[in-house]
Structures are given as C-alpha cells and as structure tokens.
Amino acid sequence: MADYVPKPEHKFTFGLWTVGSVGRDPFGAPTREPLSPADLVYLLGEVGAYGVNFHDNDLIPIDATPAERKQIITDFRKALENTGLVVPMATTNLFYDPVFKDGAFTANDPRVRAYAFQKTLHAIDLGVELGAKIYVFWGGREGTETDAAKDPVTAIKRTREAMNYFCEYAIDQGYDIKFALEAKPNEPRGDIYNATTGHMLAFIETLDHSEMVGVNPEVAHEHMAGLNFTHGVAQALDAGKLFHIDLNDQAFGRYDQDFRFAMVNIKSAFFLVKLLEDYGYNGSRHFDAHAFRTEDYDGVRDFARGCMRSYLILKEKAEQFRQDREIQALLAEINQDDGAMDQFFGDFTKEKASALKAHPFDRVALAGRGLKYEKLDQLVIELLLGVR
Ligand code: GCO
Ligand code: MN
Ligand code: MN
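The working numbering puts the sequence shown at residues 287 to 674.
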C-alpha cells in the first residue's frame, strides 16, 4: 500500500484564499486570525503542496501603497524560494469590492467595466511576474438578480469583448499564458451567465483566440447545478480544453460549501480521479476549498493534507479498478464486439446506408440481454469500501 505522500509530480495546489480562509460566513465573523501570504506559503510547504495560486488582492491588498506592494512581493518570493513552491495559476478578484456589485465585465456602467479591464491587466502582469502559466477568470458577479436589469445577450457580448481583449493583450506582451474560464450557476449573484462548464465550452468557440482559452471546472459548481461533474470534465478533456481544475466537495441542493475534496460524494470523486488519471490530465490539481469554520490552523493543515491524501487514495483505487480481474472480466463482457457491425460504421457511404437499412435486427433479443451493471457497480462499491 502506498504512503499517500504528496509529491511535486502530483501538482497539488491551493489558493492563498483557501488555506487563508479566516472562517467568515454570511452569518458570522472570522474564527481564525489572518496569516500573511508568505506564512500561507510556509504552511503549504509544510503539508507538501506543489504550488500556490492567488487573486491579485490575496497577495496585494486593493489599497496597498507601492512600498507595501514591494515588501509583500519580496517576502512572498522568499517564501517560494525557501519552500520550493511554484505559482502555476493566478486570477483577478472581480467580486469582493463594492465597485463590482453589478459585475465587472458585464456591469452596466462603462466606467466599472473599464476599471475591471484595468484591474485585470495589472493582475495578469502580476501573475506572469510570479510565474503563472494559467490565468483563471471566474465571474462571480457576472450575473443578475433580475433580468429586467441587464440584457443577457449584451452580457455575453461584453464577456466576449473582454476575453478577446485579454487574449490580444497577452499576445502583444508576449506572455506565455493561457486562460481558463470557471463557470458557476449562482452565488454570489442570483444567476451567473455561462452557468456551467458546458456553457463555457460553447462560449469559448466564439472567441477570436479560442486556442488560448479553456475551462477551469469546479466540482461544487456543477453539483450546485445538479450535474454530473465527471461528465462535464470529460467533455472538456475531449475538447482539449481542460486547462485547470478546482477540486472540492459539495452536497447536492445545499449552499456553496467548498468542502474538503471527496468529503461528501466519495463515489463521484472516485470516477473523477479515475477519469483524470486514465486520460493523463497533467495540469494542476487545485483544491478550491476551505477548512470548516470550527478549525484553528492545525485544522487547516488537517484539511489541506486530507484533500491531497484522499486524491492519492482514490488514485490508488483507480489503479485497483484497472487491476481487478473480476471487474475487468465484466467490462470485457459488457464491451464484447465480434466485429459484425463494423461494416455499417465509419464514414458515411450510400452503400453502407443501404446495407444497414436492409439488415435484419432481432430487436427483442437485443433488448432481452442483461447487462450486469448491478454486479459491476456493487464491485466498485466494495472496492471503495475497502473489502476488495
Ligand atoms: C467561488 C469560486 C472561486 C474561484 C476563484 C478563482 O465559488 O468562490 O470557486 O473560489 O475559483 O475566484 O478564480
Ligand atoms: Mn467555488
Ligand atoms: Mn473555484
């Protein structure tokens, strides 16, 4: 049995805002004292993470003086050097400050939109300066509580204009960076545009530089929409668009929980890890979650270690699934193919279509075959429960 120790090749990353969460919620004040960005890097170094990601204002407060900015960056860089952590991803905070109460790129006020562009340009520069190769766009405020207030087509057009602009900016600066769009259906807005990973994938194809833009799907966000996260990720993988991923957990039908990875839905977490490993996803495994409000910083360490450990355990389970003779025999049986139908598939030809139209099928016999999925699924459950 493996020791489940995180290693750099696992590319486990955390945001400053995740382990740095002070336990505030809509009903209660912080339960933990804030730590500096440098201290958070040391904490992540201690638990064995590979990288740290940040929003511009997680690192540099929105009203910091140039001297403060310089000092923070110096301390942060030193912490990175001392711990060996890297910064694979950066992003912009376009949701916290009251100026963004009506959104950033989709705000109705053109001055707010221009300010959001300006803030993003500076934040991209900051991310690149610290080594980020992936830049995430999460439009938490890009939505509305009432469709009386904003034309949804205009909102999409404004988002497109923004993404086209930032792609051109990155090209113009010669930055080695790709953009990853993160969907969420609601929270903090009543409804957020481009609500799911599927929406984002379709939207990306309308961009001028779609090759520079992919997705950053998040477990909790798709679960909030009642969707199968693994299927959304599969679609992104198939499209070559899985640039980043936000791992956490979320009970269906609840508020935005940001729980420790695999804490609630072990089975769907298993199929997700299996998918990522089967298809050789080689981007960051980023945990966008935070410790319970009940915890002190030891609890935060337990939380961070737990995210990575559960991922590695599930990775081992995925390997066990591949090695399990009974499971593999069932899969072989389920997917049996004598090649007799090959003549009808592949590229369309008139002849193939005529032959197919004339072919006799025993529909009743086909329908009558039991597929053994019950047996297969029970084997998966037993594997996950540790009795195989
Ligand atoms: C959320 C989002 C954010 C984003 C982050 C990085 O629900 O608050 O998941 O945590 O991932 O802003 O873009
Ligand atoms: Mn989230
Ligand atoms: Mn996220």
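Here a beta-carbon is modelled for each residue, glycine too, at the ideal position from N, C-alpha and C.
Problem set entry | Burial state of PRO646 (16 or more Cβ within 10 Å) | exposed
Exercise. Name the DSSP beta bridge partners of ILE478, please?
Worked result: GLY429
Exercise. Does the beta-carbon distance from GLY309 to THR317 come in below 8 Å?
Worked result: Judged by beta-carbon spacing, THR317 lies within the 8 Å limit of GLY309, meaning their Cβ atoms are closer than that value.
For this session: Taking PHE362 as part of the alpha helix (DSSP H), name the residues at either end of that continuous run.
Result: 352–369
Problem set entry | Beta-carbon gap between ALA511 and ALA488 smaller than 8 Å | ALA511 places its beta carbon 8 Å or farther from that of ALA488.
Exercise. Would you say ALA390 and ALA402 are within 8 Å of each other, going by their C-beta atoms?
Worked result: yes
For this session: Express the C-alpha separation of ASP542 and ARG475 in angstroms, rounding to a whole number.
Result: 12 Å
For this session: Taking the CB atoms as reference points, tell me whether LEU380 and VAL338 lie closer together than 8 Å.
Result: Taking 8 Å as the cut-off, the Cβ atoms of LEU380 and VAL338 do not count as close.
Exercise. For LEU366 versus PHE340, is the C-beta spacing smaller than 8 Å?
Worked result: no
For this session: Identify whether ALA447 lies in helix, strand or coil by the three-state DSSP scheme.
Result: Note on residue identity: the sequence assigns Glu, not Ala, to residue 447. Helix, per DSSP.
Exercise. Should GLU431 be listed as close to ligand 1, given that the test is whether its C-beta is under 7 Å from any heavy atom?
Worked result: Taking 7 Å as the cut-off, the C-beta of GLU431 does not count as close to any heavy atom of ligand 1.
Problem set entry | Cβ-based burial, GLN459 [other Cβ within 10 Å; buried from 16] | Looking at its Cβ environment, which holds fewer than 16 other Cβ atoms inside 10 Å, GLN459 is exposed.
For this session: Compare the beta carbon distance of LEU662 and ILE613 with 8 Å and say whether it is the shorter of the two.
Result: yes
Exercise. Looking at ASN514 and ASP245, is the spacing between their C-beta atoms short of 8 Å?
Worked result: No statement about residue 245 is possible, as the shown extent of the chain runs from 287 to 674 and does not include it.
Problem set entry | Closest residue to ARG655 among ILE620, GLN664, PRO503, PHE465 (Cα-Cα distance) | The shortest Cα separation from ARG655 among ILE620, GLN664, PRO503, PHE465 belongs to ILE620.
Exercise. What span of residues does the beta strand (DSSP E) with ARG571 cover, start to end?
Worked result: 571–573
Exercise. Are the CB atoms of THR445 and GLU428 nearer to each other than 8 Å?
Worked result: For THR445 and GLU428, yes; Cβs fall inside 8 Å.
Problem set entry | Rounded C-alpha distance that separates ARG579 from ALA434 | 37 Å
For this session: Can you check DSSP and say which residues form a bridge with MET375?
Result: Note: MET375 is bridge-paired with ILE420 in the DSSP secondary-structure output.
Problem set entry | Extent of the continuous beta strand (DSSP E) run through ALA466 | 464–468
Exercise. How should GLY625 be labelled, buried or exposed, when 16 other C-beta atoms within 10 angstroms of its C-beta is the threshold for buried?
Worked result: exposed
For this session: Please check the pair ALA466 and GLY500, which I expect to be a contact at CB under 8 Å, by giving their CB distance rounded to whole angstroms.
Result: 5 Å
Problem set entry | Reduced DSSP secondary structure (H/G/I, E/B, other) of HIS509 | The answer is helix: DSSP assigns HIS509 an H, G or I state.
For this session: Take the Cβ of LEU652 as the centre, count every other Cβ of all protein chains shown within 10 Å, and call the residue buried at 16 or more, exposed below.
Result: exposed
Problem set entry | Segments assigned alpha helix (DSSP H), at least 4 residues, entirely inside the segment 498–565 | Correct list: 505–510, 515–524, 552–564.
For this session: Taking VAL398 as part of the alpha helix (DSSP H), name the residues at either end of that continuous run.
Result: 396–415
For this session: Compare the beta carbon distance of LYS601 and LEU670 with 8 Å and say whether it is the shorter of the two.
Result: no
Exercise. Where the beta carbon is closer than 5 Å to any heavy atom of ligand 3, which residues qualify, in chain order?
Worked result: Shown in chain order are the residues whose CB sits closer than 5 Å to a heavy atom of ligand 3: GLU504, ASP532, ASP574.
For this session: Please confirm whether any heavy atom of ligand 2 lies closer than 7 Å to the CB of ASP544.
Result: yes
Exercise. Which residue or residues does DSSP assign as beta-bridge partners of PHE340?
Worked result: BP columns for PHE340 point to ALA376.
Problem set entry | heavy atom of ligand 2 below 7 Å from TYR341 C-beta | Strictly speaking, residue 341 in this sequence is His, with Tyr absent from that position. False, no ligand heavy atom lies under 7 Å from that Cβ.
Exercise. Counting contacts by CB-CB distance shorter than 8 Å, is LYS658 in contact with chain B?
Worked result: Protein chain content of the structure displayed is limited to a single chain, and chain B is not contained in it.
For this session: Compute the distance between the beta-carbons of ASP361 and ALA324, then report whether it is under 8 Å.
Result: yes
Exercise. Between the Cα of VAL502 and the Cα atoms of LYS436, GLY566, ALA376, which residue gives the shortest distance?
Worked result: Note on identity: in this sequence residue 502 is Asn, with Val being the wrong assignment. Checking every option, the nearest Cα to that of ASN502 belongs to ALA376.
Exercise. Among ALA590, GLY672, ASN343, TYR597, which one has its Cα closest to the Cα of TYR328?
Worked result: ALA590
Exercise. Taking just the CA atoms, how far does LYS293 sit from LEU528?
Worked result: Taking the straight line from one Cα to the other gives about 22 Å.
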